[in-house]
Amino acid sequence: MATNRYQSLTALHEDWSQVIITAHRGASGCYPENCALAMRKAVDWGSDMIEFDLRLTKDGVPILLHDATLDRTSNLQGPPTNYSLAELKQANFSHQNAPEQPPRPATYAEMPIASFEDILQEFRSRVGMNIQVYTGAAGIAEVCRLYLKYDMVDHGYLTLASLDEIKAVRAINPAIEICYTPPWKERGTPEQLRFCKELGCRFVQPVAAHSGPECYALCKELGLRANAFYSDTDVGNRRLLEQGAPGWLSNRADIGLYTVGR
């Protein structure tokens, strides 16, 4: 188990000598994505941050799930809003199904879904959290309630693509940190980076394939910590370092930590 150096988002933001390695959906290149096991392994490796996605159950509970349906990663089908949290806890989320292909067997005998509260209870203050919110307007209040209940200020930020949802978060409590994600190809443009700065963001998420040295240089000038999306190989990681990227998201955070000598 690696030594965990995490202190706070402010410490990560201010220490430009430290490359920030974010485990995308946890240690998802080795373990079932967005499950507690994947988050646990990412923290054990020494990841600086974990990234995960939130959607809602039928009973309004934020759960970790990337896709709009359960089809790809579980033995259930349809949107999560068709099921209560109790029903989802009985399912197996260690599948890797492909569209229009027969279902593949689970890789673990049991792999329950994780709720947002599960993750907050286990990992709050142990690692930074990049919380990708896909709940829509219906889930914003509950996500913010849990964020504040577990005192996540300076320990996690809500990543949002909707300015209306950012406005709703700010109306609940302006201390809740946000990361705005503009349209895919525009995230690393000067206009959008400056707009993120105006919004009060400290962290941004440019797309590696559409960004380069100019993007990362401007981020540093603006005081924005860029966590590029994404790289899973040592070769790709070194390319990002050469371009000046101060951090990135990865399905293989273990390789990222190897690249930076941790």
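For the sequence shown, our numbering assigns the number 9 to the initial residue and increments by one for each residue that follows. Glycine is no exception: its CB is placed at the ideal position from the N, C-alpha and C atoms.
Where do the ends of the beta strand (DSSP E) carrying Glu59 lie? Met57 to Leu64
Between Leu78 and Ala46, what straight-line distance do the alpha-carbon atoms span, to the nearest angstrom? 18 Å
Can you find the residues in the same chain that come closer than 7 Å, C-beta to C-beta, to Cys204, ignoring five residues on each side of it along the sequence? Take Cys204, set aside five residues on each side of it, and the residues of its chain with a beta-carbon closer than 7 Å to its own are Tyr188, Val212 and Leu232, in chain order.
Glu130 vs Val69 beta-carbon contact at 9 Å: no
So, for Val140: in the same chain, excluding its five sequence neighbours on each side, which residues have a beta-carbon less than 6 Å away from its beta-carbon? For the record, residue 140 in the displayed sequence is Gln; it is not Val. These residues qualify, in order along the chain: Asp61 and Thr167.
Among Ser82, Ser92 and Arg202, which has the Cα closest to the Cα of Lys228? Arg202
Indicate whether Ser55 and Val135 have their beta-carbon atoms separated by less than 9 Å. yes
Quick one: grab the DSSP three-state call for Tyr224. helix
Nearest candidate by alpha-carbon position, reference Ala122, set Cys152, Ala216, Arg178 and Leu73: If you compare the alpha carbons of Cys152, Ala216, Arg178 and Leu73 with that of Ala122, the shortest gap goes to Leu73.
Going by DSSP, what residue range makes up the beta strand (DSSP E) through Ile137? A small correction: the amino acid at residue 137 is Met; Ile does not occupy that position in the sequence shown. Where Met137 is concerned, the enclosing beta strand (DSSP E) stretches over Gly136 to Val141.
Rounded to the nearest angstrom, what separates Gly264 and Ile29 at their Cα positions? Those two C-alpha atoms are separated by around 6 Å.
Could you please give the first and the last residue of the uninterrupted alpha helix (DSSP H) stretch that includes Gly255? Where Gly255 is concerned, there is no enclosing alpha helix (DSSP H), although the beta strand (DSSP E) it sits in stretches over Gly255 to Ser258.
What is the rounded straight-line gap between the Cα of Gln109 and the Cα of Gln85? 14 Å
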